Amino acid sequence: MQQGGTQMLVVLVGVPASGKTWFAQDMLRYDSDHWALISHDALGSRAACEAQCVKALQAGLHVIIDHTNLDETERSPWLRVGYNVCGHRLYPLGVVFNTPLDSCLDRLRTRPHKTIDGGHPQAEELLRGYATALRPPHHAEGFYETWAVADDQHRSAMLGYLLRYNTPYAPAAPPAPAAAPGAVGLPATAPWGQAEVPAGDGGRGGSGRRGPKGPRGSIPFRKPGPVELDEADRRVIVLFDFNGTITSHTSQRNSTGNNRPRPGAEHLLRMVRSVKDVARIGVYSSASDRTVETAIRMLERAAGCERGELFDPALVLTRRYTQALPQEAKDEMGGDFKEWDTWKPLGDYFPTRLHRVVLVDDDIHKSLPTERGNLVLVPSWDGGEEDGMLAVLVGALQEMLLGLPEDADVRERTAAVTARLQEAAGPGRGTEGGGVEMSGATRAVEASRGAENGAAARPVNEEEIELSS
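For what it's worth, the working numbering labels the leading residue of the sequence shown as 8, then goes sequentially.
In structure tokens:
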């Protein structure tokens, strides 16, 4: 795998003879170049397992942990090791094996097992004791995803899902229905249709999901550090939002049941190729890694380009790079927000390059008030196939980027791009929230720009712009 990329830590959970070892060994048979197996049965002690886990992660490998891992107490050391070695690059998954106990007992009786002797008169009682003690993995522990496997079909699909992680992005979703933590099921075929969850301080960044006793004792989500940049590379960084900006808006996806690229993806490719010497094009989305990967692949197909050509793989920022909206932002929105809404703090990830970063988004509240100068505000796509906004957007961005003096502050140029989009949209088109006129949105941006320059920003009220999440 690429050094510096995402590293998987897969913690298997289940009673003895539930199929964990079989699954883990199959992973290595398919791909021993990218995966390392840490087996408690083979190594004999927790200390030896942790030492091997550290070595494997330091070598840049994905790691799969084969042990019963019945509860949070048993699982938490693996996550601590992973976060200590990988930091924000770690992508931890919990996979629980819900194999019927009768099947587990049959396996114990027909082949040797280190944990329970199948011939022991109390083997069934011991096995049921393990089952009683098992607590499925939960997001509040620090897992980004939790899945359940109950049969061979689930097992095969889960193998296929994990083996897709050897890519510059997170993997595409495998062919299987969605599952809640601890339930029998698999990753979703349509990630765009997955339920949104409230933002909060749970183990998963922005998930807000808690165990029955809250997040006490769980491993907090590690906020990613600044994006690694070559200081000699002074190109502008342009980050595109997806939802409503260059793909279907949530409301459109909910009504049609699928996600679509905004008409004109070929114009994005034209821009990428024309500005490659002066700009890098990336993504900043509030969606999950898997959902973003699905959208990237869709846009690449629509643009007719090779994988990885449309967006710089090193500039794909997903939900874990966002923050839950603070109370002051919710107050500004007048109560018209969702608990899972987030914003995108550019300064946290580009602290030395903020004057060279552009965020292209259809929602003003995705941008911090002090960073509105970085924002190009795009009219939300209403789903119409006659929409020509991407062509206008690309033309305006190309003109700005190709005419920009070396190391110039892009924040002095973004307002002109927003105004050009406003003019092209005409009245009645606007940012996310329905029926917002771009002129009001532009005034809101301009008010915020004044605050950046030391002037007091005046409040933006709903007569100017109707705000929503």
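For each residue, glycine too, the CB sits at the ideal point set by N, CA and C. Computed from a prediction, not measured in an experiment: that's the story for all the values here.
At a Cβ-Cβ threshold of 8 Å, His362 and Val417 count as neighbours. In the three-state reduction of the DSSP assignment, Trp85 falls in the helix class, which pools H, G and I. A straight line joining the alpha-carbon of Val285 with that of Ala310 spans about 21 Å. Approximately 4 Å separates the beta-carbon atoms of Thr349 and Thr329; this is inside 8 Å, confirming the contact.
Per DSSP, reduced to three states, the secondary structure at Ala294 is coil, with no helix or strand assignment.
In terms of Cβ geometry, Phe318 and Val282 do not form a close pair [threshold 8 Å]. Boundaries of the alpha helix (DSSP H) around Tyr356: Leu353 to Tyr356. If you look at Val22, you'll find it isn't in any alpha helix (DSSP H); DSSP assigns it neither H nor E. With distances taken between CA atoms, Phe30 lies nearest to Ala157 out of Ala294, Ala157, Ser387 and Glu406.
Rounded to the nearest whole angstrom, the CA to CA distance from Pro358 to Gly390 is 36 Å. DSSP, read as helix, strand or coil, puts Glu79 in helix.
Rounded to whole angstroms, Arg142 and Val279 show a C-alpha spacing of 48 Å.
Only residues of its own chain outside the window of five on either side were considered, and among them Gln14 and Leu64 have a CB closer than 7 Å to the CB of Cys93, listed in chain order.
Taking the C-beta atoms as reference points, Leu276 is found nearer than 8 Å to Cys312. Membership of Thr425 in the alpha helix (DSSP H) is indicated by the continuous run Thr421 to Ala432.
In this structure, the straight-line span from the alpha carbon of Glu57 to that of Arg171 is close to 25 Å. In this structure, Leu112 places its C-beta atom within 8 Å of the C-beta atom of Glu131. Between Ile45 and Val17, the beta carbon gap of about 10 Å keeps them out of contact (Cβ cut-off 8 Å).
Per DSSP, Tyr98 lies in no alpha helix (DSSP H); the unbroken beta strand (DSSP E) holding it starts and ends at Leu97 to Phe104. Looking at the DSSP output, Ser46 bridges to Asp73. Under the criterion of beta carbons closer than 8 Å, Ala155 and Asn105 qualify as touching, at roughly 5 Å.
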